[in-house]
Amino acid sequence: MKAQKNKGVSMKRVALAFPIGVDHLTEVLYGIRNHPCAANWQFLTNPERHRLEIRDLKNWDGDGIIAQINSQEEAELIQSLGIPCINISGVLKKSPVPRVCADYEEIGKKAAEFFLKKGFRNFAYYGIKKVWYSAEVYRGFRNLVADHGYEVDLYEAHSGVSTEWQQSNDGLESFLRTLAPKTALLAAHDPRAVEVLQTCARIGIKVPEQISVMGENNDKVNCELATPTLSSVARQGRKLGHKVAELLHSFMNGESVAGDHVIPCGEIFERDSTAVLSIYNPEIAKVVEFIRLNVLQQINVESAASHIGRSRRWLEYHFKEELQQTPLEFISSVRAEKAKELLELDASLRITEAAYKLGFSSTNQLNKYLKKFYGMSAKEIRQKVK
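Residues in the sequence shown are numbered consecutively from 1, following the UniProt record's numbering.
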């Protein structure tokens, strides 16, 4: 696309052709707005609806567009406008304009790693036909699962508002009935994962006991209103928005901008839909229970092995075989999990007190654990809660 030259005006008019108010897109919007180059941007949205359609911009004479381009028709229309545009949608495999998107393959890998560490051996993916990002998430999920010797059962629904939802639900229901007990299921995004939860409830499949379910995007409304609450892989929306603003600024000022710009995915937010371990070995199950119940004590691998009357070597071998991690790694992750929980739930508890209560030698050691597992210090976790 030919870049539009700077008109010499102080304000740039930028159209937002994507849904406003969707949680993960709101994060993108904040990332855009907080970039220094967007200080003099005037944003155009639809005053009556939460979404400005690309077709609404046919006769618009603005400076830039940030859009979700979800069809070939929209791709052709965007190109015909001749206005610098950044695409934030992963629906099309080839974007007609520069695009900023999440690392979809990494999202799939991250979910697979999460489930493997919980001991799952049965896996499923609920995707969307002819949608590029769904295929990429599936590819990352399937490949890492395959590296550990397992397969992924696949079900794909049709996309679009014209979908016959009852027919789609019937197909999903049949698919879910075929899955083995203790299956880990990843959905292409949170609303599809919620659909899985609702279908499971209707046909009597227990979540997470029989099927463990995870979504993608970490849309808090979808995740926290679901029953059970939904675990999800987050995107780094603000970083994505920051990159969008940077590229559109360059584009509107006559610089050459092209290609896909990929932003690493965020962390996994675990909620009730995955709050279970899939453990086949009863002795390992006893060790896991022992660790969780005694994490505030000075436990170690030796005391865990002693609890079941086994040697450290035996425990390390069979624990790794069952949960894809060593007993020491698991103890560390549970301690970090408990520390994060304490910091989030008890605002009156000082960080030094939390470190002492959990058996850490210092706040530095506590921060080391938290940085490793959550990418944040104790202070940053506290600030995020506020």
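Think of the CB as a built atom: it goes at the ideal place given N, C-alpha and C, for glycine as much as any other residue.
Per DSSP, what kind of secondary structure is L16 in: helix, strand or coil?
strand
Rounded separation between A304 and A339 - CA only:
20 Å
Hey, is the region 244-255 in contact with the region 83-94, meaning 3+ C-beta pairs nearer than 8 Å?
yes
In angstroms with no decimal places, state the Cα-to-Cα distance between A285 and I279.
6 Å
My assumption, with CB atoms under 8 Å, is that I69 sits in contact with P96. Please give the rounded CB distance.
7 Å
May I ask you to verify whether the region 213-229 touches the region 35-55, counting CB pairs closer than 8 Å and requiring at least 3?
no
What's the C-alpha gap between V14 and L358?
50 Å
Once you ignore the five residues that flank V334 on each side, which residues in its own chain have a CB closer than 7 Å to its CB?
I291, R292, V295
Rounded to whole angstroms, what's the CA-CA distance from E337 to L186? Just pull it up for me.
22 Å
Checking the sheet assignment: what are the DSSP bridge partners for L185?
A124, V213
Inter-residue Cα distance where the pair is L16 and L154:
34 Å
Give the DSSP bridge partners of E260, in chain order.
With the sequence shown as reference, residue 260 is identified as Asp, and Glu is not the correct amino acid for it. R99.
Closest by CA to I32, which one among Q324, F319, Q383, G64?
G64
Rounded to whole angstroms, what's the CA-CA distance from T274 to E106? Just pull it up for me.
19 Å
Find the nearest neighbour of E246 within the set G21, V28, S10, judged by alpha-carbon distance.
V28
Hey, P228 and V196: beta-carbon distance below 8 Å or not?
no
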